[in-house]
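Residue numbers (our numbering): 378 to 723.
Here a beta-carbon is modelled for each residue, glycine too, at the ideal position from N, C-alpha and C.
All of these numbers come straight from a predicted model, not from anything done at the bench.
Below: one structure, written as structure tokens.
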């Protein structure tokens, strides 16, 4: 028994055995304390936000501060005090104001007569109503012309309206100019969103690649001659890329030699092994950290994902004996399944 407790591999076995149970218990505790968040859409401003699942039909929008909670008949599911509180309402009497259109009494009477005649107009043929009423309107315009003074007043008022509309048009162009200046900020947000999506896709591909290798699932890729499809413009850079590749291969060989010498100091149960899976898991761990900082998610999910990738990187960097290979594979697959579960829950 003392030998088992002193053996680190047996400790790893216990960790792989109780990791799913610990994750399940912590998830239940978190659900009981904070519950799950769900996305809701405001009925008033049509903006989405996250609220507790139990408050999905009784929440105040963080954008417009309107209460969203309705019954099946469309009425509110609780009494809104602000709708019935009249303490802050001030009642004022509105004075009746009389506006003059600038026309004389004679022209005003003529305009009223013209409107009255148009309202009583009856066409000879209903199918030609638009043509007949337009002809009748022109006849009334000739019969009820404005006097010279009122006609000048009308032209002045129209010119003033046109000037006001032109000024508003200039203001609108000015606002559009500022909108164009703000396009840089919008494009920056779009680029950040694309970068975060790239990280998410990369993490899913990395997790699938590691799981396939752990479970010994081989994927046969078709052999494609890249030189055949590579544009001629990239041909001068081929030698540069090959030089970098050879340099990385040489450094990798030197690192493997150092690791081999280091393994001579360990027993036969544990060996250090830096493979492609180790590099992929370490890069995925970095991507997950960046994604956690770039997206607002609960802290408990960040901790779960970080622990999953740390366990994955550590177990892939160490080669264990065949006696404990099954337990280590179980630990690795459990960590990745936990990560994938949390990844889609986020």
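Query raised in the report: Under three-state DSSP, which class holds residue 696?
Result: strand
Query raised in the report: Would you say the stretch 412-423 touches the stretch 433-448, given that touching needs at least three Cβ pairs under 8 Å?
Result: yes
Query raised in the report: Is residue 580 near residue 661, with beta carbons less than 8 Å apart?
Result: yes
Query raised in the report: Is it buried or exposed for residue 704, if we count other Cβ within 10 angstroms and need 16 for buried?
Result: buried
Query - Proximal residues to residue 668 (C-beta, below 8 Å), its chain only, five neighbours per side dropped - result: 573, 576, 577 and 580
**Report entry** Inter-stretch contact at 8 Å, needing at least 3 Cβ pairs: the stretch 423-431 / the stretch 675-694
**Finding:** no
Query raised in the report: What do you reckon, are the CB atoms on residue 657 and residue 587 nearer than 8 Å?
Result: yes
Query raised in the report: Straight-line CA distance for residue 436 to residue 450?
Result: 18 Å
Query raised in the report: In three-state DSSP terms, what is residue 503?
Result: helix
Report task. Would you tell me roughly how many angstroms separate the C-alpha atoms of residue 666 and residue 584, rounded to the nearest one? Result -> 15 Å
Requested in this report: Determine the direct distance from the alpha carbon of residue 528 to that of residue 521, and round the result to whole angstroms.
Outcome: 12 Å
Requested in this report: Quick one: measure Cβ to Cβ for residue 650 and residue 696, integer angstroms, because I've assumed they're closer than 8 Å.
Outcome: 4 Å
Report task. Return the chain-ordered list of same chain residues with a C-beta closer than 6 Å to the C-beta of residue 534, the five sequence neighbours on each side being excluded. Result -> none
Requested in this report: With residue 414 as the anchor, note down where its beta strand (DSSP E) starts and where it stops.
Outcome: 414-418
Report task. Compare the C-alpha of residue 452 against each of 434, 438 and 439 and name the closest. Result -> 434
Report task. Find the nearest neighbour of residue 514 within the set 493, 448 and 712, judged by alpha-carbon distance. Result -> 493
Query raised in the report: Nearest-angstrom Cα distance between residue 476 and residue 523?
Result: Bear in mind that a pLDDT of 41 at residue 476, under 50, signals an unreliable position, so the model cannot answer this.
Query - DSSP state of residue 732 mapped onto helix, strand, coil - result: Summary: the structure shown does not reach residue 732, with the chain confined to residues 378 through 723, and so no result is reported for it.
Query raised in the report: How far does the alpha helix (DSSP H) with residue 495 in it reach, from first residue to last?
Result: 482-496
**Report entry** residue 655 and residue 633 closer than 8 Å at C-beta
**Finding:** no
Query raised in the report: Thinking just about the alpha-carbon of each residue, which of 489, 694, 438 and 501 is nearest to the one in residue 653?
Result: 694
Report task. Let me know the secondary structure DSSP gives residue 624 once reduced to three states. Result -> helix
Query - Simplified DSSP assignment, three categories, for residue 709 - result: helix
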